[in-house]
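If you read the sequences in order, they're chains A and B.
Number 563 marks the last residue of the first sequence (the working numbering); no jumps.
Number 1126 marks the last residue of the second sequence (the working numbering); no jumps.
Heads up, the beta-carbon is just placed ideally off N, CA and C, and yes, glycines get one too.
In this text, all values refer to a predicted model and were calculated from it rather than measured experimentally.
Here the structure is laid out as structure tokens; the discussion comes afterwards.
Number of protein chains: 2
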Amino acid sequence: MEFAEFIQTAKVDNVRLRTPFQAAVEGTLCITGHHLILSSREEDCAEELWLLHSSIDSVEKRLAGPGGTLTLRCKDFSLYYLDIPIAEKCLHVASSVEQLSNIDNFALKYPFFYRSSFEVMEDGWQTFLPETEFTRFKECSEDWRLSYVNKDYSVCPSYPRAVIVPKSIDDDLLIKVAGFRYNGRFPVLSYYHRDSKSVMMRSSQPLTGPNGKRCKEDERLVNAVLGIGKRGYIIDTRSPNWAKLAQAKGGGFEPEAHYPQWRRIHHPIARGQVLHESLIKLIEACNESNASMDKWLSKLESSNWLSHIKDILYCSCVVAQCVDKEGASVLVHGSEGTDSTLQITSLSQLILDHDCRTVRGFEALVEREWLQAGHPFEVRCSKSAFAVTKHRQESPVFLMFLDCVWQIWQQFPCSFEFNEDFLTILFQHAYSSQFGTFLGNNEFERKQHRLTAKTVSLWSFLNRPEVLQEYLNPMYDPNPSVIWPSVAPQSLTLWSGLYQRYQIDLSPQKEAWAEIVKIREHDKELRSKVAKLRRQLAALEKEAVAANVILPEGLDPKEANSP
Amino acid sequence: MEFAEFIQTAKVDNVRLRTPFQAAVEGTLCITGHHLILSSREEDCAEELWLLHSSIDSVEKRLAGPGGTLTLRCKDFSLYYLDIPIAEKCLHVASSVEQLSNIDNFALKYPFFYRSSFEVMEDGWQTFLPETEFTRFKECSEDWRLSYVNKDYSVCPSYPRAVIVPKSIDDDLLIKVAGFRYNGRFPVLSYYHRDSKSVMMRSSQPLTGPNGKRCKEDERLVNAVLGIGKRGYIIDTRSPNWAKLAQAKGGGFEPEAHYPQWRRIHHPIARGQVLHESLIKLIEACNESNASMDKWLSKLESSNWLSHIKDILYCSCVVAQCVDKEGASVLVHGSEGTDSTLQITSLSQLILDHDCRTVRGFEALVEREWLQAGHPFEVRCSKSAFAVTKHRQESPVFLMFLDCVWQIWQQFPCSFEFNEDFLTILFQHAYSSQFGTFLGNNEFERKQHRLTAKTVSLWSFLNRPEVLQEYLNPMYDPNPSVIWPSVAPQSLTLWSGLYQRYQIDLSPQKEAWAEIVKIREHDKELRSKVAKLRRQLAALEKEAVAANVILPEGLDPKEANSP
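And the structure:
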């Protein structure tokens, strides 16, 4: 744990910090093992920087005169300029920050060093256990069960220790099926839809390979889901060509001959580097100042970001439609089953199940369908839109999911318990955090590093009432229906609150939200004031009646006691 | 007043009305001189059509089987389908509606026939008289005066009977200046900025012509505005080339040699047919179903609508900056001074003066800078995005102004007393209305047709409290500052609430607004309940004290009386 070797200069005086829409502030810059800190000398000045190195995506240095300027671009698209008066110090700071923000050693990550300043009332690590979550689907417990076949993560390293599978399928069979599915990701239950009694499952691709290998056990498991005469849909998130290409390399898809009750539909969704490059282009376009309207719109178009959003939302709506309108069960997979598959299964649930639109329900959704389902956060979110990537495994798959949630959120602004900032904070913590929640690529890795014991969960922090109230939607009006978002391109817009936070001053919009919250709170206060006055009035009346006082005119004792 | 000749079929039974996001409704279709009416036979059914012929932009007929379908596209972009069971009737209805919606005879317009069902409490025709409005600028009454030189509209037919001019300039001189300005539109005061004591004036182009004619009186008037040593800006809304072209045809611009205290800046803004075609392309793009994201964005781009918005907003900000930051006076004109000139002068005022962001203030702005200033509503708004235009004078100049207001509104959602629907209703009434407000091209025409006596003013209708409350912004928090909208292309978005009302189901968004309004109203109710309970408590206490009753514990008489 020797950070010292990376820190060439621990302290620099007279550094000026500039950041968009904020007054510049001067102070002393300190570099610690995990943070870049700017302390202003003015005591009443709140503008201090307290930045995790791991949140920095790129550092750019430019020397000018005796000193220089560092541009820090963060993974959450925030932007800081540091004017450092001495060139040498400027270079030292740059290379220190660069090295510290690129430390690969897992054990050196900040969550292992972070000690919460709040008392953990409810341990977020224990809030969304598979056992608890399974009780959500209790209506289907006749047909489905929790299996611990993967309790030591040997059957499928990217699956959690407990998964939900058909009751009629035993663990031995699951092990055989795992051998026939890419990386062992055999089909498991993702969602049970009460209204239609249909289910949504997910898996990875079957390993049919170029010779069309079969696996009777896999066929048994998949077919076990459907009743006699019932039909289901396999939603493949790859194009038919891509699926064939995967087959030639040992992967594949379910031939209808062997899965006769299932109809396979391809809904290709962009993934991997394509998404990553799309994000880079989008952020470039957003950051371009003095662009003409034409150029902006054509850059927005050529980033393809909104096209990808549309494809994902469209596919999610198709799945939700199968489940809700047709009452059919669905199996979703692409190749690995850890990326686009999860986007689709989680968004369909958000559409179908109002519970996912509450704070708790959404956290549970992220836990079930992303964290426990084995989305590799560690490699996908290691870099963002500015860094030169090393591993080519970076991809804003989770961000895109959040963006899709935002699109639905803004189409149904009363149907979500949380506000836009809640989505933003999840995005930020997925990329850099003091909490352990998004560390590691799957539950197995989190177990190996003993994260539950050694780090604090993001949910422990977020679910405290004083924190949570910042993320509540004042317009929330619970809506138990399935909600059908429009996926017409004209309905989708850029999430400027996220991508343009540092290009557009959004403070007037924030004020509007604050205004709504204020009204709501005032409403609450008045209610309790009314209740209190009524109690006082009732008490006084009682005394008055007892003392035979004639009640003043216009005083209706009934009204004073009415609810 | 013989409408009968146009009505080939006055009544058709069993007509089915379809309109987006509404259940279809069947009933009897009636054609009257001014309306297309569908009365449903179900008594509890509220979905009836009551459409002004003048609001219809295009009628499309398609026969199929024994009957046919009419598609009615309205000037406000709304859309109705009528399934008519008999082909002949279908053709009759189509040709009747087509003729009735294209009657040119001014005296036959609906406002002359409309009798208000409400009592006019405050006559909108008298609410915004030039005399009343001039009192707004009382701080400048030392230097400026109301002139009635145009009282019979002979000096400038498109000006109102009273205009504000420098006190040092007499009416005879004004008449001479009018002769040197296109269509007699001599420079008049548009706005006085208290903070900087600078003014904004507007006019049409000077008629310098190819030989560089001068007019000493014009120079005197324009220069009279500036104090000694002060400088001002002439903002020309044409490109330098266009201005030169205009000069060759007898128009022109102010050479700096003869207006030495003024600096001329060109900020070209699209106008006329270019805007009209832009709107057609925009609405086409919005209406295209099943477009891909790429196609939508590229069509949105090639419509140029948002580029035009950006140009207008940018120029308005420049003017506001000159007036507020530089404390310089400004003269704005293009060629005719009736279109882009008014966009700029009205938007700058909206930026500079918080009073324009109230309902009253905005109505006054529309009166002063559009209606009295002689924007030719009659010819500009005779057709919208669907009709084949005859006159080529149609242009959505006013709509574009409202769109720019919306852009500022959505950037500063707490700074406006009115909501989005208020802008929409002004747009609708500018294109088709039962009220006389937007009839005619200028005050002179309105006088000739005796509109104030023969028709009802839109303001009489809108300013009734029960109507107005629908158009109030629940988040309004008066902000006396100058507001600076961002004009970065990334900050401007499409006003989907207007252009896509019939493509996207906006009811969830409307619900959100209704929710905010509901909370606000509940708040009001609770306040009065608190007040009432306090009064009761105080009265009861008085009685109790008089009767020597011991007050119950916890009852603090002071608190009961606190505000």
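Looking at the secondary structure, which residues open and close the beta strand (DSSP E) in which glycine 630 of chain B lies?
Mapped onto the second sequence, residue 630 of chain B falls at position 67. Residues 630 to 637.
Tell me whether the region 234 to 252 of chain A and the region 184 to 195 of chain A touch, counting them as touching only if at least three CB pairs, one residue from each stretch, are closer than 8 Å.
Touching, no.
Report the rounded CA-to-CA distance for leucine 178 of chain A versus arginine 185 of chain A, giving the unit in angstroms.
Locating residue 178 of chain A in the first sequence gives position 178, counting from the first residue. Locating residue 185 of chain A in the first sequence gives position 185, counting from the first residue. With the sequence shown as reference, residue 178 of chain A is identified as alanine, and leucine is not the correct amino acid for it. Cα-Cα distance, rounded: 6 Å.
Could you check whether the Cβ of proline 260 of chain A sits closer than 8 Å to any Cβ belonging to chain B?
As a first step, residue 260 of chain A is located in the first sequence; it is residue number 260 there, counting from the start. No, because no Cβ of chain B sits closer than 8 Å to the Cβ of proline 260 of chain A.
What does alanine 1075 of chain B reach in chain A if we use C-beta pairs closer than 9 Å?
Mapped onto the second sequence, residue 1075 of chain B falls at position 512. Ordered by position in chain A, the residues that pass the 9 Å Cβ test against alanine 1075 of chain B are Phe412, Pro413, Cys414, Met475 and Asp477.
Leaving aside the five residues before and after arginine 581 of chain B along the sequence, list all residues of the same chain whose C-beta is less than 6 Å from its C-beta, in chain order.
Your numbering for residue 581 of chain B matches position 18 in the second sequence. Once the five neighbours on either side are set aside, the close Cβ partners of arginine 581 of chain B are Ala587 and Tyr644.
Those runs of the beta strand (DSSP E) which lie wholly inside the region 805 to 836 of chain B and span at least 3 residues:
The region 805 to 836 of chain B contains these whole beta strand (DSSP E) runs: 825 to 829.
Chain B contacts made by the region 517 to 528 of chain A, where a contact means CB separation under 8 Å:
Those residues of the region 517 to 528 of chain A placed with their C-beta closer than 8 Å to a C-beta in chain B are Ile519, Arg520, His522, Asp523, Leu526 and Arg527, ordered along the chain.
Close-in-space but distant-in-sequence residues of the same chain around glutamate 217 of chain A (CB under 8 Å, 5 per side omitted)
By one-based count along the first sequence, residue 217 of chain A stands at place 217. Hits under 8 Å: Leu173, Lys176, Val177 and Phe180.
Between B:Lys793, B:Leu845, B:Gly813 and B:Glu782, which has its C-alpha nearest alanine 820 of chain B's C-alpha?
To locate residue 820 of chain B, count along the second sequence from 1; it is residue 257. Comparing Cα positions, the closest option is B:Glu782.
Are the region 936 to 944 of chain B and the region 994 to 1002 of chain B touching by the rule of at least three beta carbon pairs closer than 8 Å?
The answer is yes - the region 994 to 1002 of chain B touches the region 936 to 944 of chain B, with three or more Cβ pairs under 8 Å.
Just to make sure I have the definition right: I need the residues of chain B whose C-beta is within less than 8 Å of the C-beta of leucine 279 of chain A. Which are they?
Numbered from its first residue, the first sequence carries residue 279 of chain A at position 279. Under the 8 Å cutoff, chain B gives no residues; its nearest Cβ is about 16 Å from leucine 279 of chain A.
To be precise: take each residue of the region 295 to 310 of chain A, compare its Cβ to all Cβ atoms of chain B, and keep it if any distance is under 7 Å. Which residues remain?
Going along the region 295 to 310 of chain A in chain order, one finds Trp296, Leu297, Ser298, Leu300, Glu301, Leu306, Ser307 and Lys310 with a Cβ nearer than 7 Å to chain B.
Contact belief for glutamate 896 of chain B with serine 766 of chain B at Cβ below 8 Å, rounded distance in angstroms
Here the question's residue 896 of chain B lines up with position 333 in the second sequence. Here the question's residue 766 of chain B lines up with position 203 in the second sequence. Rather than glutamate, the amino acid found at residue 896 of chain B in this sequence is histidine. Cβ atoms of histidine 896 of chain B and serine 766 of chain B come within 8 Å of each other, at about 5 Å.
Helix, strand or coil at histidine 871 of chain B [DSSP, three-state]
Position 308 of the second sequence, counted from the start, is the residue given in the question as residue 871 of chain B. Note: histidine 871 of chain B maps to helix in three-state DSSP.
Is DSSP giving tyrosine 755 of chain B helix, strand or coil here?
Taking the first residue of the second sequence as position 1, residue 755 of chain B is located at position 192. Looking at tyrosine 755 of chain B - three-state DSSP - the assignment turns out to be strand.
Any beta strand (DSSP E) of 3 or more consecutive residues that is wholly inside the region 114 to 146 of chain A:
Taking only runs of at least 3 residues, no beta strand (DSSP E) segment lies wholly in the region 114 to 146 of chain A.
For phenylalanine 964 of chain B, does the three-state DSSP call read helix, strand or coil?
Counting from 1 along the second sequence, the entry for residue 964 of chain B is found at position 401. Here phenylalanine 964 of chain B sits in helix by DSSP.
Glycine 179 of chain A (DSSP reduced to helix, strand or coil)
Here residue 179 of chain A is taken as the residue at index 179 of the first sequence, counted from 1. The three-state reading of DSSP puts glycine 179 of chain A in helix, counting H, G and I together.
Among the candidates A:Lys390, A:Pro465, A:Tyr471 and A:Phe444, whose CA atom is the shortest distance from the CA of glutamate 417 of chain A?
If you number the first sequence from 1, residue 417 of chain A lands on position 417. If you compare the alpha carbons of A:Lys390, A:Pro465, A:Tyr471 and A:Phe444 with that of glutamate 417 of chain A, the shortest gap goes to A:Tyr471.
Have a look at lysine 11 of chain A and isoleucine 31 of chain A and give me their C-alpha separation to the nearest angstrom.
Here residue 11 of chain A is taken as the residue at index 11 of the first sequence, counted from 1. Here residue 31 of chain A is taken as the residue at index 31 of the first sequence, counted from 1. If you take the alpha carbons of lysine 11 of chain A and isoleucine 31 of chain A, they lie about 6 Å apart.
Whole angstroms is fine: what's the gap from serine 945 of chain B's alpha carbon to threonine 634 of chain B's?
Locating residue 945 of chain B in the second sequence gives position 382, counting from the first residue. Locating residue 634 of chain B in the second sequence gives position 71, counting from the first residue. Taking the straight line joining both Cα atoms gives about 19 Å.
List the residues of chain B that valine 530 of chain A touches, going by C-beta distances under 9 Å, in chain order.
Reading the first sequence from its first residue, position 530 is the one you call residue 530 of chain A. Proximity of chain B to valine 530 of chain A at the Cβ level (cut-off 9 Å) is accounted for by Leu1089, Lys1092, Val1093 and Leu1096, in chain order.
Is it true that the region 620 to 629 of chain B meets the region 646 to 664 of chain B, where meeting means three or more beta-carbon pairs spaced less than 8 Å apart?
Put simply, the region 620 to 629 of chain B touches the region 646 to 664 of chain B. At least three CB pairs are less than 8 Å apart.
Since alanine 125 of chain A and threonine 452 of chain A should fall inside the 8 Å C-beta cutoff, what is the C-beta to C-beta distance between them, to a whole number of angstroms?
Mapped onto the first sequence, residue 125 of chain A falls at position 125. Mapped onto the first sequence, residue 452 of chain A falls at position 452. Note on residue identity: the sequence assigns tryptophan, not alanine, to residue 125 of chain A. That pair is a contact at about 4 Å.
Alpha carbon to alpha carbon, what distance is there between lysine 1092 of chain B and alanine 574 of chain A?
Outside the displayed span of chain A (1 to 563) sits residue 574 of chain A, for which this structure offers no information.
How would you list, in chain order, the residues of chain B whose beta-carbon sits under 7 Å from the beta-carbon of serine 491 of chain A?
If you number the first sequence from 1, residue 491 of chain A lands on position 491. Here the neighbours are Ile1067.
Would you call histidine 871 of chain B buried or exposed, if buried means 16 or more other Cβ atoms sit within 10 Å of its Cβ?
Counted from its first residue, the second sequence places residue 871 of chain B at position 308. With a threshold of 16 other beta carbon atoms within 10 Å, histidine 871 of chain B meets it and is buried.
From which residue to which residue does the beta strand (DSSP E) around glycine 795 of chain B run?
Taking the second sequence and counting its residues from 1, one reaches residue 795 of chain B at position 232. 795 to 799 is the extent of the beta strand (DSSP E) around glycine 795 of chain B.
Which listed residue (A:Thr28, A:Ala4 and A:Glu2) has its alpha carbon closest to that of aspartate 13 of chain A
For the purposes of this step, residue 13 of chain A is taken as residue 13 along the first sequence, with counting starting at 1. Looking at the Cα atoms, A:Thr28 is the closest of the given residues.
Of the residues A:Gln349, A:Arg161, A:Leu426 and A:Lys109, the one placed nearest alanine 373 of chain A, counting alpha carbons only:
Residue 373 of chain A sits at position 373 when you count from the first residue of the first sequence. With distances taken between Cα atoms, alanine 373 of chain A lies closest to A:Arg161.
Hey, could you find the ends of the beta strand (DSSP E) isoleucine 228 of chain A is sitting in?
As a working note, residue 228 of chain A is residue 228 in the first sequence. It is not in any beta strand (DSSP E) - isoleucine 228 of chain A carries neither H nor E in the DSSP assignment.
Starting from proline 831 of chain B, find everything on chain A with Cβ-Cβ shorter than 8 Å and list it in chain order.
Taking the first residue of the second sequence as position 1, residue 831 of chain B is located at position 268. Ordered by position in chain A, no residue passes the 8 Å Cβ test against proline 831 of chain B, which lies about 13 Å from the chain.
Candidates B:Trp707, B:Ile727 and B:Glu957: which alpha carbon is nearest lysine 714 of chain B's?
The residue labelled residue 714 of chain B in the question sits at position 151 within the second sequence. Taking only the C-alpha atoms, the option nearest lysine 714 of chain B is B:Ile727.
Would alanine 385 of chain A be called buried (16 or more neighbouring beta carbons within 10 Å of its own) or exposed?
Counting from one through the first sequence, the residue named residue 385 of chain A turns up at place 385. Buried is the call here.
Quick check: what's the CA-CA separation for isoleucine 914 of chain B versus aspartate 421 of chain A?
Against the second sequence, residue 914 of chain B aligns to sequence position 351. Against the first sequence, residue 421 of chain A aligns to sequence position 421. Rounded to whole angstroms, the separation of the alpha carbons of aspartate 421 of chain A and isoleucine 914 of chain B is 29 Å.
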